[in-house]
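Asker: Residue numbers (this note's numbering), protein chains in the order written: chain A, 1 to 267; chain B, 268 to 638; chain C, 639 to 898. Attaching a single structure in structure tokens format; questions to follow.
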Amino acid sequence: MVFTSFRLPGEFGGLAPINILPGEVAGDSGLTTETYQFFFSDFIYIEIFLKSFAVATFTTLICIAMAYPLALLIARSRKKFRNLMIMLVVLPFASNFLVRIYAWMIILGPESGLSHFINGILAFFGIAPVTLLFSPFAVLIGMVYVHLPFMILPLYTNLEKHDPILLDAAQDLGANSWQRFWYITWPQSLPGIFSGSALVFIPVLGMFAIPDILGGTGDIMIGNLIKDQFLGTRDWPFGSTLSIMLTLAVLGTAGLFSRFARTRNPV
Amino acid sequence: MIDLLQRLARLSLALLITISVIGCAQQDNSTGSNKTPTRILQVFNWNNYIAPETIQRFEASCDCGVKQDYFSDNEEMLAKLAAGASGYDLIVPTGNAMDTLIRQGVLIPLDKTLLPNLKNIHPAYLKTIFDPANQYSVPYAYTLTLLGFNSNKMRELGLPTDTWAIIFEPEYLQKIKGRVTVLDSPRELMSAALLYLGYSANDQDETHWNQAKELIIRAKPYWAAFSNTSYIREIAIGDLWVVHGYSNDLFQAALDAKKTGRNFAIDYAIPKQGAVMSLDSMVLHKNGKHTGIAHQFVNFMLDGRNSAELTNLIGSGNPNIDAKPFIQPELLQNKVIFPDEDTLSRLEMITDLNHKQRRIFSRIWTEIKLR
Amino acid sequence: MLHRQTALWIVSILVYAFLYIPLIIVVVFSFNDSKLNAEWAGFTLHWYKALLNNHEMLLAARNSLIIAISASFLATTLGTMAGLAIHRYKLKVLPILAFTPVAMPEVLLGVSLLLFFLQVLNLTLGMLSIIIAHTTFCIGFVAIIVRARLQGMDESIFEAARDLGATPWQTFHQITLPLIRPAIIAGALMSFTLSIDDFVITFFTKGVGEPILPIQIYTMIKVAVTPEVNAISTLLMLLTLTLIIIATRFDTSMLRGESK
Numbered sequence: 001m002v003f004t005s006f007r008l009p010g011e012f013g014g015l016a017p018i019n020i021l022p023g024e025v026a027g028d029s030g031l032t033t034e035t036y037q038f039f040f041s042d043f044i045y046i047e048i049f050l051k052s053f054a055v056a057t058f059t060t061l062i063c064i065a066m067a068y069p070l071a072l073l074i075a076r077s078r079k080k081f082r083n084l085m086i087m088l089v090v091l092p093f094a095s096n097f098l099v100r101i102y103a104w105m106i107i108l109g110p111e112s113g114l115s116h117f118i119n120g121i122l123a124f125f126g127i128a129p130v131t132l133l134f135s136p137f138a139v140l141i142g143m144v145y146v147h148l149p150f151m152i153l154p155l156y157t158n159l160e161k162h163d164p165i166l167l168d169a170a171q172d173l174g175a176n177s178w179q180r181f182w183y184i185t186w187p188q189s190l191p192g193i194f195s196g197s198a199l200v201f202i203p204v205l206g207m208f209a210i211p212d213i214l215g216g217t218g219d220i221m222i223g224n225l226i227k228d229q230f231l232g233t234r235d236w237p238f239g240s241t242l243s244i245m246l247t248l249a250v251l252g253t254a255g256l257f258s259r260f261a262r263t264r265n266p267v
Numbered sequence: 268m269i270d271l272l273q274r275l276a277r278l279s280l281a282l283l284i285t286i287s288v289i290g291c292a293q294q295d296n297s298t299g300s301n302k303t304p305t306r307i308l309q310v311f312n313w314n315n316y317i318a319p320e321t322i323q324r325f326e327a328s329c330d331c332g333v334k335q336d337y338f339s340d341n342e343e344m345l346a347k348l349a350a351g352a353s354g355y356d357l358i359v360p361t362g363n364a365m366d367t368l369i370r371q372g373v374l375i376p377l378d379k380t381l382l383p384n385l386k387n388i389h390p391a392y393l394k395t396i397f398d399p400a401n402q403y404s405v406p407y408a409y410t411l412t413l414l415g416f417n418s419n420k421m422r423e424l425g426l427p428t429d430t431w432a433i434i435f436e437p438e439y440l441q442k443i444k445g446r447v448t449v450l451d452s453p454r455e456l457m458s459a460a461l462l463y464l465g466y467s468a469n470d471q472d473e474t475h476w477n478q479a480k481e482l483i484i485r486a487k488p489y490w491a492a493f494s495n496t497s498y499i500r501e502i503a504i505g506d507l508w509v510v511h512g513y514s515n516d517l518f519q520a521a522l523d524a525k526k527t528g529r530n531f532a533i534d535y536a537i538p539k540q541g542a543v544m545s546l547d548s549m550v551l552h553k554n555g556k557h558t559g560i561a562h563q564f565v566n567f568m569l570d571g572r573n574s575a576e577l578t579n580l581i582g583s584g585n586p587n588i589d590a591k592p593f594i595q596p597e598l599l600q601n602k603v604i605f606p607d608e609d610t611l612s613r614l615e616m617i618t619d620l621n622h623k624q625r626r627i628f629s630r631i632w633t634e635i636k637l638r
Numbered sequence: 639m640l641h642r643q644t645a646l647w648i649v650s651i652l653v654y655a656f657l658y659i660p661l662i663i664v665v666v667f668s669f670n671d672s673k674l675n676a677e678w679a680g681f682t683l684h685w686y687k688a689l690l691n692n693h694e695m696l697l698a699a700r701n702s703l704i705i706a707i708s709a710s711f712l713a714t715t716l717g718t719m720a721g722l723a724i725h726r727y728k729l730k731v732l733p734i735l736a737f738t739p740v741a742m743p744e745v746l747l748g749v750s751l752l753l754f755f756l757q758v759l760n761l762t763l764g765m766l767s768i769i770i771a772h773t774t775f776c777i778g779f780v781a782i783i784v785r786a787r788l789q790g791m792d793e794s795i796f797e798a799a800r801d802l803g804a805t806p807w808q809t810f811h812q813i814t815l816p817l818i819r820p821a822i823i824a825g826a827l828m829s830f831t832l833s834i835d836d837f838v839i840t841f842f843t844k845g846v847g848e849p850i851l852p853i854q855i856y857t858m859i860k861v862a863v864t865p866e867v868n869a870i871s872t873l874l875m876l877l878t879l880t881l882i883i884i885a886t887r888f889d890t891s892m893l894r895g896e897s898k
């Protein structure tokens, strides 16, 4: 069997904040920690990281809230429906990423039906109209929309394996439906929740297309900043530094998630 | 055996599709003419920055083809070149970007003997800071960054139209809140702020930069958006009343408003504190393959008639004296397209920053966007 | 129990609606006879015709097809091998190597590939760079699918074959390969879809002058949004929809093979 994965480590090797700049007769080359000092010199960069973490957290929580009922339903359904229902979840994922974002531009646009509807209600209460698009709200919706299937699938995989006997036993012992859920289903589903969360949280951290298209000027996240450094400001060393910071953040989060996903053993 | 055959089938199908697709794509690439010319001049230019008729005339005169790639931002152009895009014969960068290219050493010195039409250029546009001896570049066209406005609305609200104050001062801004946009360009917006504060657009003092930053942050809540392109349409349909924009875009907007019979007129003015002039020049990249044709093209564009075609089309500033007989009369009066001495003295070209400065500048811009 | 079941159903239907309504709107509005595309103005096929006349778009579509076919072919081959390797040799490091590009934020992958191509390989960005880039992240997906399939298989078949004297190649060829064939096909189709759809990685690794479909769409969205965007979106959706449906026909376990 051929080990073809050798290609992959090569890419990460490229992420070094060396002080050579393409397109400039560089007087100073070589390794330097200058970019890291710059990163920490102003709170604003940490601020953007924190913002991105916040967006990722909210997205993940909303995804959990929306995915759980659906995953539960599918897991409890009859076998022959399950595949169909799962496919229905996956199909939107098959459409182009940009298309899914663009769809929300239409829905949240200032001239859309939804906007008119909401602003109409606000006007009734005497509140000034709000713009739905180009706002943190739009970014959040976009993030949830794009990543929801990633939460539904692992959660479903986990829930499907639950043994209904436990629930029956609990019922016989007098537990009501809430207690059955909270003490039996929920703990068992935690590994699934953590897997799903990892698949949502980490990509969201690095997203730039969604804030770029649906967000206002103040809604930039780390991904946007990194992209700017490489394709705009031409500050590749600083871009690399930001990327390394993001990588560390991602590794840290992934580590946390996988630890939680494994320490829970289903009863 | 079956699966191996299936794999082979897939492979051959893939090859088949690929070949037929490439074959079709080849045909698509030819610029409409039936014969595919063997010599093709590769041009890297701004969007909409040359009249189609001009290209056709050139192709006819030189028995060659012209293929253009576009960029919408100098930074984009530089970034793409840095990322390895190559093979361009001719590029049309703006002043400071050209500065970068010169310093990178990727440009070919021009052979002036092949450019007799160079004498047509108005001396004010030659000998720029970036290329004092015009060793590498000749002027092509220029744009001014200035204020565009809905003249009816401004009269109605009693607002001045000749000062940057209307996009920076809250006392004016509150009357036009949500109806103003500024350019989504760090250098352009900061230059406008610096000019308004009385400094040069090229001021490199960090304290001045911070003052400009504060000015911008204070004004930001009144602005509708940062916009590089959509403002043209929006001011022409009446959604925006004041925009920070480029002269040829505003020329277009003014025309659109007239054509669609709006009950307002779009006008534009150079603020008294000064404005940024973006002089675009033609330069030859050393990775190009057709230096001879490239020179021919440059000389062709230096001819008055050809240079005039662009101005007539998009209202771009014209540095070519010889072009005047070919320019539409009403444009000749336009101070933006043909500025007089006094106006010229108020215009500045942006110089490039070194990478340390760019980094600080980029951080300031990030703050502006975030706060 | 019934009461809770109803509540679950209601929420689920809402979630499904949430997932589908935006896409339906995109499709419906692609027939909208209004340049501004803000409100419904009438039915027209005008935008689809405009698409056919849009040379840039057609070229972009062709380029994307070429890339997708090449990348999926390479990724399927390599990914299958990777999947087999991971299953066979239970080393911890292998899954990590293969699956990292799948879970990593795409920006990081795009940036590191960009740097890798330019500073290490000295490769000029162009179609080739995109193909390599796409192959890289598709390998992981194929490996996941193949591995999931292998995990569900009964080991005794292989033992039986070996007992009967089959060489490793024969075992692989006549037993393993046919058994994982659905997974391979599903993986290939998945790779194709991912490649055609990819935006972020393509954005970083593309060269100049060669339009690619998602990038074209992005430019259209940022510069001038007309229903033409809806039209191309609808067509793309149809394509990827068909592919995914075919893929799941072959291997339904792929849908759940997201185990890490």
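Backbone N, C-alpha and C define an ideal beta-carbon position, used for all residues, glycine too. Keep in mind it's a predicted model, so treat the numbers as computed, not measured.
(1) Is there a Cβ from chain C that is less than 8 Å from the Cβ of A170 (chain A)?
(2) How do the stretch 412 to 423 of chain B and the stretch 508 to 516 of chain B stand: do at least 3 beta-carbon pairs fall below 8 Å, yes or no?
(3) I want to see whether chain D comes within less than 8 Å of V146 (chain A), judged by CB atoms only; does it?
(4) Answer yes or no: do A198 (chain A) and A741 (chain C) have a C-beta to C-beta separation smaller than 8 Å?
(5) Taking the straight line between their C-alpha atoms, what separation do you get for I783 (chain C) and F669 (chain C)?
(6) Assign R446 (chain B) to one of two classes, buried (16 or more other C-beta atoms within 10 Å of its C-beta) or exposed (fewer than that).
(7) Report yes if the C-beta distance between I48 (chain A) and M221 (chain A) is below 8 Å; otherwise report no.
(8) Tell me which residues share the same chain as A709 (chain C) and place their Cβ nearer than 7 Å to its Cβ, disregarding the 5 neighbours each side in the sequence.
(9) Using 8 Å as the threshold, is the C-beta distance between V780 (chain C) and G717 (chain C) below it?
(10) Skipping 5 residues on each side, what residues in its chain have a beta carbon closer than 6 Å to that of D671 (chain C)?
(11) Just to confirm, are F134 (chain A) and G252 (chain A) a CB contact at a threshold of 8 Å?
(12) 8 Å is my cut-off, CB to CB: does W182 (chain A) come that close to chain C?
(13) Using a Cβ-Cβ distance cut-off of 8 Å, determine whether F593 (chain B) contacts chain A.
(14) Do you know how far the Cα of W236 (chain A) is from the Cα of E160 (chain A)?
(15) Which residues in chain A sit within 8 Å of A479 (chain B), going by Cβ to Cβ distance?
(16) Going by alpha carbons, who is nearest to T633 (chain B) out of B:I433, B:P606 and B:D451?
(17) Note the first and the last residue of the continuous alpha helix (DSSP H) segment covering F38 (chain A).
(18) Please name the residue, chosen from C:I855, C:D835 and C:I839, that lies closest to L877 (chain C) on a Cα-to-Cα basis.
(19) Assign H116 (chain A) to one of three DSSP states: helix, strand, or coil.
(20) Closest by CA to K553 (chain B), which one among B:I317, B:Y337, B:E615 and B:S353?
(21) One question on the structure: do N573 (chain B) and T410 (chain B) come within less than 8 Å of each other, judged by their Cβ atoms?
(22) Helix, strand or coil for Y316 (chain B)? Go by DSSP, reduced to three states.
(23) Quick one: using the 10 Å Cβ neighbour count with 16 as the cut-off for buried, is Q639 (chain B) buried or exposed?
(24) Is there at least one Cβ from chain C nearer than 8 Å to S197 (chain A)'s Cβ?
(25) Considering only residues of the stretch 415 to 453 of chain B, which uninterrupted alpha helix (DSSP H) runs meet the minimum length of 4 residues and lie entirely inside it, listed in chain order?
(26) Just verifying my parser: in three-state terms, what is the DSSP assignment at A235 (chain B)?
(27) Exposed or buried, what is I502 (chain B) when buried is set at 16 or more other beta-carbons lying within 10 Å of its beta-carbon?
(28) Quick one: using the 10 Å Cβ neighbour count with 16 as the cut-off for buried, is N621 (chain B) buried or exposed?
(29) Using a Cβ cut-off of 8 Å (strictly closer), state whether I44 (chain A) contacts chain B.
(30) What residues from chain A crowd round T878 (chain C), counting only those whose CB sits closer than 8 Å?
(31) Flag this pair as touching only if the stretch 660 to 667 of chain C and the stretch 97 to 113 of chain A have three or more C-beta atom pairs under 8 Å; answer yes or no.
(32) Nearest to Q854 (chain C) by CA position, among C:T715, C:N691, C:R700 and C:M695, is which residue?
(33) For L241 (chain A), go through chain B and note every residue whose CB falls closer than 8 Å to its CB, in chain order.
(34) Let me know if V188 (chain A) comes out buried or exposed under the rule of 16 or more other beta-carbons within 10 Å of its beta-carbon.
(35) Using three-state DSSP, classify A400 (chain B) as helix, strand or coil.
(36) Which stretch, first to last residue, makes up the alpha helix (DSSP H) that contains G778 (chain C)?
Answerer: To lay it out plainly:
(1) no
(2) The answer is yes - the stretch 508 to 516 of chain B touches the stretch 412 to 423 of chain B, with three or more Cβ pairs under 8 Å.
(3) Given the protein chain composition of this structure (A, B and C), no chain D is represented.
(4) yes
(5) 37 Å
(6) buried
(7) The beta carbons of I48 (chain A) and M221 (chain A) sit closer together than 8 Å.
(8) I769, H772, T773, C776, S829 and S833
(9) yes
(10) A679, G680 and T682
(11) no
(12) no
(13) no
(14) 47 Å
(15) Against chain A, the beta carbon of A479 (chain B) has no neighbour under 8 Å; the closest one sits roughly 17 Å away.
(16) Distances from the alpha-carbon of T633 (chain B) to those of B:I433, B:P606 and B:D451 put B:D451 closest.
(17) E34 to S41
(18) C:D835
(19) helix
(20) B:S353
(21) no
(22) coil
(23) Any property of residue 639 (chain B) remains undetermined from this structure, which presents chain B solely from 268 to 638.
(24) no
(25) 418 to 424, 432 to 435 and 437 to 440
(26) Any answer about residue 235 (chain B) is impossible in this case: the structure gives chain B only from 268 up to 638.
(27) buried
(28) exposed
(29) Yes, I44 (chain A) counts as interfacial toward chain B.
(30) A94, S95 and N96
(31) yes
(32) If you compare the alpha carbons of C:T715, C:N691, C:R700 and C:M695 with that of Q854 (chain C), the shortest gap goes to C:M695.
(33) This sequence places Thr at residue 241 (chain A); Leu is not what is there. None at all; the shortest Cβ gap to chain B is about 11 Å.
(34) Going by the sequence as given, residue 188 (chain A) is Gln instead of Val. Buried is the call here.
(35) coil
(36) M765 to Q789
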